Structures are given as C-alpha cells and as structure tokens.
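Student: My numbering puts the sequence shown at residues 201 to 425. In this text, a Cβ means the ideal position worked out from N, Cα and C, and glycines have one as well. Small disclaimer: the values here were computed from a predicted structure and weren't measured. First the structure, then my questions, so here it is.
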Amino acid sequence: MSENTVDTVPRTSETPLAPEELARVVARDIPAGSYVNLGIGQPTLVSNYLSAEDDVTLHTENGMLGMGPEAHGDEVDADLINAGKIPVVETPGCSYFHHADSFAMMRGGHLDYCVLGAFQVDRAGNLANWHTGSPDAIPAVGGAMDLATGAKMTFVMMSLLTKKGRSKLVEQCTMPLTGVGCVSRIYTDQAVFLLEEDGVTVRETFGTSFEELQQIVDVPLRPAR
C-alpha cells in the first residue's frame with residue numbers, strides 16, 4: 201500500500217460516529233428533489249436531519265408520503281407513526297394512502313433512494329438483512345425486498361462490526377439474501393464505502409485510518425480517486 205494512502209482517504213472524525221452523527225452524513229448525501237424511504241432502525245434517524253430546504257420527500261411503507269422528523273412532546277400523535285412505530289410529524293402537503301398503494305410505489309420504481317440496515321453486504325452489492333439464517337432466528341421480511349428491488353438506489357446504514365467484532369462488509373454473503381446487486385453505498389460508524397463495478401472504494405473514515413480499516417475488513421479496499 202502506498203505511504204500516501206492514509207492522506208488520500210480523509211479521516212473526517214477523530215472517533216467512530218454515533219448513529220445520530222452518521223444519520224447526518226447520510227442526509228447530507230441525499231440530492232434535492234429525491235423521494236426516499238428510510239428503513240427501520242438506524243435509517244429512521246435520517247429524517248431528523250432533513251429540512252424543508254433540502255427538498256427531500258420521505259415515504260413510509262405504512263402509507264404516508266411527506267413524512268417529517270420524529271415527534272416529541274406535544275407533537276406526538278399515537279396515530280401518526282412511521283413503519284417502525286415511531287411517532288413522526290407531517291410536512292406541508294403530505295398525503296396518506298392504502299398499504300397496497302404504498303407497496304405499488306415501492307415496487308414500481310417510484311422511489312429514488314432507500315436507506316436500509318443490514319446484517320451483511322458483500323462486495324458485489326448483495327444485501328442480507330431479513331434473516332440471519334440461524335434456526336432459532338425470527339425472520340423479518342417487511343418491505344425490505346420490495347425496496348431493495350424497486351428503489352433506483354439502495355444505501356445501507358449500519359455498524360461496521362458485529363457484536364463479535366466481525367465485519368459486516370464481506371467477500372460473499374453467507375446469510376439469506378434480501379436483494380442481489382442492489383447496494384451502491386454503505387455508511388458505517390467507521391467509514392463510507394462506495395461499491396463500484398471494479399471494487400470497493402473508501403470515501404472517508406471516522407476514527408480510523410485506511411490501513412487500520414483494511415485490517416478488519418477482509419474485502420480488498422482502495423482509496424477514493
């Protein structure tokens with residue numbers, strides 16, 4: 201590896217990012233005018249870092265277009281929740297519709313981006329996030345398969361390592377797949393990875409260097425050009 205590699209991959213934080221900090225990074229990368237679905241878990245936090253000026257319309261699979269950030273205090277309405285059952289607020293002009301219509305939007309290619317969590321993502325962009333494959337694990341399909349297939353771009357937002365310290369970015373997924381070749385970008389607490397046709401590029405790191413990252417990720421990595 202070149203001695204200058206560490207300098208070509210910016211370390212934009214001195215420590216790994218908390219989920220809220222990572223959500224801000226994801227929100228920053230969503231282009232104006234986009235229609236976006238945020239998956240259950242960490243991805244729901246992204247809504248808290250989008251404003252009206254960002255011109256991003258959020259879709260939630262339980263039947264709302266124009267979802268706002270998480271609701272607090274007097275804003276909370278028990279009947280106004282996202283797919284993860286978290287209370288949210290409306291944005292001006294929001295609309296409601298049947299669950300079947302919501303899935304038609306997802307399956308019909310009407311969403312520009314979806315942001316999903318994951319158990320594993322491999323270098324080919326294959327996604328595993330609905331079942332670990334363990335006999336005693338509870339499968340949770342939800343709308344992830346529809347989103348991974350129907351959205352024009354799929355981003356993954358997750359911690360880089362499992363509780364056992366193994367990388368979730370792998371050479372080849374060993375868990376049941378949610379989608380094939382669908383992931384184009386991975387946001388983790390330690391780095392942002394771009395999945396490209398000819399390899400995996402590290403765009404930036406958080407609290408680690410490129411060389412340290414390569415030691416914990418088995419997939420060959422390269423610095424941003």
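#1: Taking all protein chains shown into account, do 16 or more other C-beta atoms lie within 10 angstroms of the C-beta of Val226, making it buried, or fewer, making it exposed?
#2: Taking Cβ positions only, does Leu395 come closer than 8 Å to chain D?
#3: Identify, in the order they occur along the chain, each residue of the same chain with its Cβ nearer than 7 Å to the Cβ of Gln372, setting aside the five sequence neighbours on each side.
#4: Cα-Cα, which of Pro219, His272 and Met264 is closest to Ser302?
#5: Go through the stretch 234-293 residue by residue and report every complete run of the beta strand (DSSP E) that reaches 3 residues or more, in order.
#6: Whose C-alpha, out of Thr405, Asp418 and Ile416, is nearest the C-alpha of Thr208?
#7: Pull up the CB-CB distance for Asp348 and Leu316, whole angstroms please, since I reckon it's below 8 Å.
#8: Roughly how many angstroms separate the alpha carbons of Ala271 and Val289, rounded to a whole number?
#9: With DSSP as the reference, identify every bridge partner of Ile386, one or two as the case may be.
#10: Does the Cβ-Cβ distance between Ala218 and Val246 come in under 8 Å?
#11: On a CA-only basis, which of Ser367, Asn329, Gly343 and Ile338 is nearest Asn282? Give me that one, please.
#12: Examine the Cβ distances between the stretch 249-259 and the stretch 226-239 and report whether three or more of them are shorter than 8 Å.
#13: Is the beta carbon of Trp330 less than 8 Å from the beta carbon of Pro292?
#14: Near Gly407, what residues of its chain come up, given a Cβ to Cβ distance below 7 Å and the 5 sequence neighbours on each side ignored?
#15: Output yes or no for whether 8 Å exceeds the beta carbon distance between Val383 and Gly325.
#16: Please classify His259: is it buried, with 16 or more other beta-carbons within 10 angstroms of its beta-carbon, or exposed?
#17: Would you mind sorting Ile240 into buried or exposed? The rule is 16 or more other CB atoms within 10 Å of its CB.
#18: Using only alpha-carbon positions, find the residue among Val370, Thr354 and Met353 that is nearest to Leu361.
#19: Under 8 Å between the Cβ atoms of Val419 and Val400?
#20: Considering only their Cβ atoms, is the gap separating Thr378 from Leu437 smaller than 8 Å?
Tutor: The relevant details are as follows:
#1: Translated into positions along the sequence shown, residue 226 becomes position 26. The residue is buried, with at least 16 neighbouring Cβ atoms inside 10 Å.
#2: Looking for chain D here will not work: only one protein chain is present.
#3: Residue mapping note: residue 372 aligns to position 172 of the sequence shown, counting from 1. Around Gln372: Asp322.
#4: For the purposes of this step, residue 302 is taken as residue 102 along the sequence shown, with counting starting at 1. With distances taken between Cα atoms, Ser302 lies closest to Met264.
#5: DSSP assignment within the stretch 234-293 yields the following whole beta strand (DSSP E) runs of 3 residues or more, N-terminal first: 235-238, 257-260 and 264-270.
#6: As a first step, residue 208 must be located in the sequence shown, where it is residue number 8. Out of Thr405, Asp418 and Ile416, Thr405 has the C-alpha closest to the C-alpha of Thr208.
#7: Position 148 of the sequence shown, counted from the start, is the residue given in the question as residue 348. Position 116 of the sequence shown, counted from the start, is the residue given in the question as residue 316. As written in the sequence, residue 348 is Ala, which differs from the Asp given in the question. Confirmed, about 7 Å.
#8: The count along the sequence shown starts at 1 and reaches residue 271 at position 71. The count along the sequence shown starts at 1 and reaches residue 289 at position 89. Their Cα atoms are separated by approximately 5 Å.
#9: In the sequence shown, counting from the first residue as 1, residue 386 sits at position 186. Looking at the DSSP assignment, Ile386 forms a beta bridge with Val356 and Phe393.
#10: Mapped onto the sequence shown, residue 218 falls at position 18. Mapped onto the sequence shown, residue 246 falls at position 46. Contact flag unset, no.
#11: Here residue 282 refers to the residue found at position 82 of the sequence shown. With distances taken between Cα atoms, Asn282 lies closest to Gly343.
#12: yes
#13: Position 130 of the sequence shown, counting from 1, holds the residue named residue 330. Position 92 of the sequence shown, counting from 1, holds the residue named residue 292. Going by C-beta atoms, Trp330 is not nearer than 8 Å to Pro292.
#14: Taking the sequence shown and counting its residues from 1, the one referred to as residue 407 is at position 207. Excluding positions up to five away in sequence, the list reads Ser213, Glu214, Thr215, Pro216 and Gln390.
#15: Along the sequence shown, read from residue 1 onward, the residue named residue 383 stands at position 183. Along the sequence shown, read from residue 1 onward, the residue named residue 325 stands at position 125. For Val383 and Gly325, yes; Cβs fall inside 8 Å.
#16: To locate residue 259, count along the sequence shown from 1; it is residue 59. Looking at its Cβ environment, which holds 16 or more other Cβ atoms inside 10 Å, His259 is buried.
#17: As a position in the sequence shown, residue 240 is number 40, starting the count at 1. With 16 or more Cβ atoms within 10 Å of its Cβ, Ile240 is classed as buried.
#18: Counting from 1 along the sequence shown, the entry for residue 361 is found at position 161. Nearest in C-alpha terms to Leu361, of all of Val370, Thr354 and Met353, is Val370.
#19: Translated into positions along the sequence shown, residue 419 becomes position 219. Translated into positions along the sequence shown, residue 400 becomes position 200. Their beta carbons are under 8 Å apart, which means Val419 touches Val400 by this criterion.
#20: The question about residue 437 has no answer here: the residues shown for the chain are numbered 201 through 425.
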